[in-house]
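**Student:**
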Amino acid sequence: MDYRPIDQATREAIRTALDRNFFVEAGAGTGKTTVLVDRIVAILRNGHATVDELVVITFTRLAAAELATRVRERLEETRDTTESEEERARLEEALYALPRARIETIHAFAAGLLRERPVEAGLDPGFEEMDDLSASLAFDEAYQDWLATLLNPEDGERPEAVWRALNRGLDLRHLREVVEQVHHHRSLLPLVHDDVPAPDIHGFLARFEQDVDELEEILARCRNPADHGAQQIRMLMAQRDDLRAVRNDRDALERAILHLPKISQKGARTSWVDPADCDRQKEICRELNEAVEEVKRALRAEAIAGLLPLAEDFVRGYTEQRRRTGRAEFEDLLIWARDLLRDRPEVRRYFRERFRCILVDEFQDTDPLQVEILLYLCGEEPDGVAARDWRELRPAPGRLFLVGDPKQSIYRFRRADISIYEWVKRHVLPGDLCTITQNFRSLGGVIDWVNGCFQHIIAPHDGVQAGYVPLDPWPQARLDLPRAPVVVVHHEMDGSADDVRRYEATTLAALLRQAVDVEGWPVRDPETGEIRPARWRDVAILIPSRTGIEIYEEALAEAGIPYRHEGGRSFFQRQEVRELINCLRAIDDPGDRLSMVAALRSGAFGCSDEEIFLAAEAMGTDFDYRREPPPEHAAVADGMHTLRELHTLRHRLPLPELVRRVIDETRLIEYALTLPQGDQAAANLLKVVDQARAFAAARGGGLRAFVRWLDTATSRSTEEEDADVAEAGDDVVRLLTIHAAKGLEFPIVALANLQGRDARTRNVIPDHAVRRLHLRVGSQDQGYFETPGYAAAAEIEKQHDAAEQDRLLYVAATRARDHLILPVIIWKGSREKERKPKGMLARLAPHLPVPTPDHSPNGADIDGCHVLLAAHLPVGDNGLRESPPATNVDVDDVLAVRERWLMERAALLKQAGAGLQVTTASSVEAWDQEPADDAEATPGALPRDAALAVGTALHATMEALDLSDDGEVESMARAKAAEAGVPGHADEVAALARACLASGVVQRARAAERAAREAAFTLPVGDGFVEGRVDLLFREPDGLVIADYKTDRVTPEQVDARLAVYRNQAAVYAFAVAEVTGLPVKEVVFVFARAGVERAIPVDDGLLALGRHLATASATLTDAAVAAG
1 MDYRPIDQAT REAIRTALDR NFFVEAGAGT GKTTVLVDRI VAILRNGHAT VDELVVITFT
61 RLAAAELATR VRERLEETRD TTESEEERAR LEEALYALPR ARIETIHAFA AGLLRERPVE
121 AGLDPGFEEM DDLSASLAFD EAYQDWLATL LNPEDGERPE AVWRALNRGL DLRHLREVVE
181 QVHHHRSLLP LVHDDVPAPD IHGFLARFEQ DVDELEEILA RCRNPADHGA QQIRMLMAQR
241 DDLRAVRNDR DALERAILHL PKISQKGART SWVDPADCDR QKEICRELNE AVEEVKRALR
301 AEAIAGLLPL AEDFVRGYTE QRRRTGRAEF EDLLIWARDL LRDRPEVRRY FRERFRCILV
361 DEFQDTDPLQ VEILLYLCGE EPDGVAARDW RELRPAPGRL FLVGDPKQSI YRFRRADISI
421 YEWVKRHVLP GDLCTITQNF RSLGGVIDWV NGCFQHIIAP HDGVQAGYVP LDPWPQARLD
481 LPRAPVVVVH HEMDGSADDV RRYEATTLAA LLRQAVDVEG WPVRDPETGE IRPARWRDVA
541 ILIPSRTGIE IYEEALAEAG IPYRHEGGRS FFQRQEVREL INCLRAIDDP GDRLSMVAAL
601 RSGAFGCSDE EIFLAAEAMG TDFDYRREPP PEHAAVADGM HTLRELHTLR HRLPLPELVR
661 RVIDETRLIE YALTLPQGDQ AAANLLKVVD QARAFAAARG GGLRAFVRWL DTATSRSTEE
721 EDADVAEAGD DVVRLLTIHA AKGLEFPIVA LANLQGRDAR TRNVIPDHAV RRLHLRVGSQ
781 DQGYFETPGY AAAAEIEKQH DAAEQDRLLY VAATRARDHL ILPVIIWKGS REKERKPKGM
841 LARLAPHLPV PTPDHSPNGA DIDGCHVLLA AHLPVGDNGL RESPPATNVD VDDVLAVRER
901 WLMERAALLK QAGAGLQVTT ASSVEAWDQE PADDAEATPG ALPRDAALAV GTALHATMEA
961 LDLSDDGEVE SMARAKAAEA GVPGHADEVA ALARACLASG VVQRARAAER AAREAAFTLP
1021 VGDGFVEGRV DLLFREPDGL VIADYKTDRV TPEQVDARLA VYRNQAAVYA FAVAEVTGLP
1081 VKEVVFVFAR AGVERAIPVD DGLLALGRHL ATASATLTDA AVAAG
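With full-length UniProt numbering, the residue at position 41 of the sequence shown is 41, and numbering never jumps.
1. Please name the residue or residues paired with His461 in a DSSP beta bridge.
2. Is Ala769 buried or exposed, if buried means 16 or more other CB atoms sit within 10 Å of its CB?
3. So, Arg74 versus Arg88, is the Cβ gap smaller than 8 angstroms?
4. By the 10 Å Cβ neighbour count, where 16 or more other Cβ atoms means buried, how is Asp933 classified, buried or exposed?
5. Can you give me the start and stop residues for the alpha helix (DSSP H) that Val659 sits inside?
6. Express the C-alpha separation of Met130 and Glu116 in angstroms, rounding to a whole number.
7. Which residues does DSSP list as the beta-bridge partners of Val487?
8. By DSSP, does Phe623 sit in helix, in strand, or in coil?
9. Any idea if Asp227 is buried or exposed, counting beta-carbon neighbours within 10 angstroms, 16 or more meaning buried?
10. Quick one: Cα of Glu128 to Cα of Leu710, how far?
11. Short check: CB of Thr105 to CB of Ala64, under 8 angstroms?
12. Beta-carbon within less than 8 angstroms of Glu1036's beta-carbon, same chain only, minus the 5 sequence neighbours each way: which residues are those?
13. According to the neighbour-count rule (16 or more other Cβ atoms, all chains shown, within 10 Å of its Cβ), is Gly879 buried or exposed?
14. Does the beta-carbon of Gln181 have 16 or more other beta-carbons within 10 angstroms, so that it is buried, or is it exposed?
15. Would you mind stating whether residue 1138 and Gly27 have Cβ atoms separated by less than 8 angstroms?
16. If I measure Cβ to Cβ from Asp7 and keep anything under 6 angstroms in the same chain, skipping five residues before and after, which residues do I get?
17. Taking the C-alpha atoms as reference points, what is the distance between Ala586 and Leu175?
18. Output the boundary residues of the alpha helix (DSSP H) element that contains Val119.
19. With a cut-off of 8 angstroms on the beta carbons, I'd call Arg532 and Val523 a contact; round off their distance for me.
20. Any idea what DSSP makes of Leu808, helix, strand or coil?
21. What is the DSSP secondary structure of Trp272, reduced to helix, strand or coil?
22. By the 10 Å Cβ neighbour count, where 16 or more other Cβ atoms means buried, how is Arg715 classified, buried or exposed?
23. When DSSP builds the beta bridges, which residues end up paired with Asp494?
24. Which two residues bound the contiguous alpha helix (DSSP H) that contains Gly639?
25. For a test of the three-state rule: what should DSSP assign to Pro853, helix, strand or coil?
26. Extract the residue ranges of the alpha helix (DSSP H) inside the segment 1038 to 1124, only unbroken runs of 4 or more that lie entirely within it.
27. Threshold first: 4 residues or longer. Then list the alpha helix (DSSP H) segments lying entirely within the segment 21 to 109, N to C.
28. Check this for me: beta carbons of Ile358 and Leu340, under 8 angstroms apart or not?
29. Rounded to a whole number of angstroms, what is the C-alpha to C-alpha distance between Ser545 and Gly678?
30. Which residue comes first and which comes last in the alpha helix (DSSP H) that contains His193?
31. Does the beta-carbon distance from Leu809 to Val824 come in below 8 angstroms?
32. Do Ala998 and Thr1047 count as a contact pair if the criterion is CB distance below 8 angstroms?
33. I need the boundaries of the alpha helix (DSSP H) containing Phe3, first residue and last residue.
34. Go ahead and pull the three-state DSSP assignment for Cys607.
35. For the putative contact between Val24 and Val403, defined by C-beta atoms under 8 angstroms, what is the C-beta separation to the nearest angstrom?
36. Per DSSP, Glu129 forms a beta bridge with which residues?
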């Protein structure tokens, strides 16, 4: 039977009615991307607009790339089937022009506007878009300069607002937080500031004195001095006297008021002669506490309100600095584009005429700033009068197409604003709303449950929540199941939140193993549509947040289920990253014993607590890796020796090379690969190296500055994605947040961890309508500094948060194609009287069936769900793994077992310590010959460490330079010398680089068809490996040429003698390159940069044989033997 979507008429109108605007609400799985592609192709096919007149805005770069691919495919398909030559010509032209189509994110589109009209935007046409790290470092530098000037002004006039705030307990950390939030929300500038009156603290003091005086009179009638109420009155009397003593010092009086403790209502009526006195003192204490808290709030509100104008001044100044220097932050792109369109009517008209159609995907994720840009671009201005207020603009017919789903608006933390969505729907396109509801993704049973549940959960609330629009199931989405596709796993228990997570995790693991390994649940293959048994890669476990996620990882690992935690943003909290940071911190600061101990007991060195304790006891106050530990503590001694060696390198190696050396020396990669999810841990460690490289490139500083940056990111729980190791074909269960699952679908979806508390408290709430920024800084212990409107705004924000939690549940449930698993663990904590669902599960539970008293062990279908009892799953006793009861064993047996374990461990450590035999090609330069004279003996020679650093800088310079243009030698040499830690030798590096560039072999490389620089190789030989890095490799008609730069301090007359030393290296290089490439190598050329000469060693069979011999011998020798020759 040929089925037609129930909303086919609406879809057809979207495709054909090109002269009208559309606001399309598309439910989950309804094919909104297909609808969008259909309209784009129709616009191009009918000549309504050309590729250059079309703008398509998507939410992510990946979505933009996928959309562009689908548009191309549909254009090709339509071109091949159309019968109209005119349409075919338009489609051909569209396909030719498609690479320049503006199918992109709003930020990329804004950047394009600025680059096209930079003069009007006040920007350098070649402005730079800073990445997050560069932007963070640049902000920190600007802020520190501003703060220094603020606290130590040249004229000596310190801003009163700052000192008032500091006096009232707001510290510099809070000041930075205020400035950061104003900077982050600078699109609101200029802010509307509240006129906050100064609190009447003397009036408060008079009230405090009056009330405490009355309490003192009442105290005389208390017959029990130990009564808690009486004790509190005596404390208040002392505080009254303290306040009186500083009444003439306003600053001191403010501090004293802010330090007043909370006043409680205490006392037993039997302790007073007249029980009414007890009641009266409690009443006074209650009213006095309210007065104390109110004056504290007023003092803090005035303090933070006074800082906002100062923060705004900094943000404006720093913004202008970025404009002048041509360095844009990510958010600048939108703000500057908005300002350009708002303030320059002629530019607005230019772009409005250029772009005839604007289409926006995922419109529910938009924010007011993006809506401003859209309306400036497509809004009509009657009589040609430029409008300053974007709210007055309305799009001309056929210019604007919006598609989204308000039920999937889940990015409020990224400024997505459902209220602006609703405003556009009601005021901008009120007559252009249409809905598509035909779901093609999920089985009918899943859709029926979603509709039945969420029609109650998602209720309309003006400006907060749109009403629920039911989805229509697709009749062709069928699967013969012996049960309902929604599986509810039920259990009741007592315990802690972590106990519940553990039980839920083991239950899910057992059910998933049963689904895949035992029962083979049928699924529709997402690629082919065929029905087949489920595989691990068909399963996704979706969680609202990552709190307790390690419990689910452990349960999957224990059950032998392969899994991958995808889209994780807790990079800085990962164990392997924290261990590496501890190592770096210890290497940077030998006096940081805590970090040294953390490093020693980490996977980097594997020392036990007992070993560290005994070594520390033996060394006493000398427990420092710069001291030599006693030899009997071998494990700790090895670790401390490694830390000492790395510490000596911290100023000699470039930062990224140092971090990589730390990882290599400690073998953290190898250790990580032995752990569950080891590939992810290893990739995260390598990502730290990448971060070090980016940090150095952004001129962030050396190791100490890098460690400080890592510590800040860790302490702030900065969100950073884990390194990407996912492969599309991996047969693993995917464990990811609901946010990360947005836009995806899976045959089997399990919801987990729904009962966690939503601990989010928004400390900043922007109000775009009135250009206000509501802020809160501080802590519960020390007190919060809140702007006057914060409390009211926070109450409204709670409504938005609750509504978004409901939408998050909807998004999670609608990811399921064939099976949806819902664990329902009803529990109570130690302080609760009854078991009840919590968190997000509390919203779902009323709409889920419960098991019957005589519930079948195989489960039963109830109200469209298949209900299982968790106790009937093979998860052990209540899913919790308990240790067996202790038995009486002989102590000698325990000690013998421990001694045997220690011996086996020592043997394993010795075996693992040998590792792979990896020899570098340069280390076999002359291992069978006498070593050359020490370079330091040469007159004028540098110390060995500096000489090595100069060599490193030369090679880095030659790698980065354009061989055909030596105009950047000096600047590149300065940069690379600084990275290598020898900035004072930049001129020397530049001279050496120019000598290399002038050499004959480099001239030949310029003329070669292909040339590679710093070409690395690793070649398995014998029982080990030989590795190396070729400075320059290029191909000539008769073979490959290898070039190597040498910085030896030799004269031209000494070159031939030195060349003999490098013959073995040439042999190994020639042999390795020939083996790796399969191409003949004709010669190895050494460029002696200081002498200004080069020497070539021809490659023949004898040299290749020597190279094979040396490589094989070296790879099987120990490092010590190679070094000794």
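For glycine and all other residues, C-beta sits at the position ideal for the given N, C-alpha and C.
**Tutor:** Working from what's here:
1. In DSSP, His461 forms a bridge with Gln465.
2. Under this definition Ala769 is an exposed residue.
3. In this structure, Arg74 sits away from Arg88, with a CB-CB distance that is not shorter than 8 angstroms.
4. Only weak support exists for where Asp933 lies, its pLDDT of 42 falling under 50; the value from the coordinates is given anyway. Per the 10 Å Cβ criterion, exposed.
5. Counting along the chain, Val659 sits inside the alpha helix (DSSP H) bounded by residues Leu655 to Thr666.
6. About 19 angstroms.
7. Answer is Ile821 and His866, bridged to Val487.
8. DSSP places Phe623 outside both helix and strand once states are collapsed to three, so it counts as coil.
9. It counts as buried.
10. So the two alpha carbons sit approximately 25 angstroms from each other.
11. Yes, the Cβ-Cβ distance between Thr105 and Ala64 is below 8 angstroms.
12. Its chain contains Arg1004, Ala1008 and Lys1082 as the residues whose beta carbon lies nearer than 8 angstroms to that of Glu1036, once the 5 sequence neighbours on both sides are disregarded; these appear in chain order.
13. Summary for Gly879: the model assigns pLDDT 40, below 50, so the residue's position carries little reliability; its value from the coordinates is reported in the next sentence. The C-beta of Gly879 has 16 or more other C-beta atoms within 10 Å across all chains shown, which makes the residue buried.
14. A residue is called buried when at least 16 other Cβ atoms come within 10 angstroms of its Cβ; Gln181 meets this threshold and is buried.
15. Nothing about residue 1138 can be read from this structure; the chain reaches only from 1 to 1125.
16. Excluding positions up to five away in sequence, the list reads Ile436, Thr437 and Gln438.
17. Between the alpha carbons of Ala586 and Leu175 lies a distance of about 30 angstroms.
18. Note, Val119: alpha helix (DSSP H), Pro118 to Ala121.
19. The Cβ separation is near 7 angstroms, so the contact holds.
20. Reduced to three states, the DSSP call for Leu808 is helix.
21. Strand.
22. Note that residue 715 corresponds to Ser in the displayed sequence, not to Arg. So Ser715 ends up on the exposed side.
23. In the DSSP secondary-structure assignment, Asp494 is bridged to Lys828.
24. Annotation for Gly639: the continuous alpha helix (DSSP H) segment containing it runs Ala634 to Leu649.
25. In the three-state scheme derived from DSSP, where H, G and I count as helix and E and B as strand, Pro853 is classed as coil.
26. Runs found: 1055 to 1061, 1063 to 1077, 1101 to 1116 and 1119 to 1124.
27. With a minimum length of 4 residues, the continuous alpha helix (DSSP H) runs that stay inside the segment 21 to 109 are 32 to 45, 61 to 81 and 85 to 97.
28. No, they are not a contact pair.
29. Distance between the alpha carbons of Ser545 and Gly678: 22 angstroms.
30. In the DSSP assignment, His193 falls outside any alpha helix (DSSP H) and carries neither an H nor an E.
31. No. Outside cutoff.
32. No, these two residues do not count as a Cβ contact at 8 angstroms.
33. This sequence places Tyr at residue 3; Phe is not what is there. No alpha helix (DSSP H) contains Tyr3, which DSSP labels as neither H nor E.
34. In the structure shown, Cys607 sits in coil (DSSP, three-state: anything other than H, G, I, E or B).
35. For Val24 against Val403, the beta-carbon gap comes to about 4 angstroms, under 8 angstroms, which counts as contact.
36. Per DSSP, the beta-bridge partners of Glu129 are Ala328.
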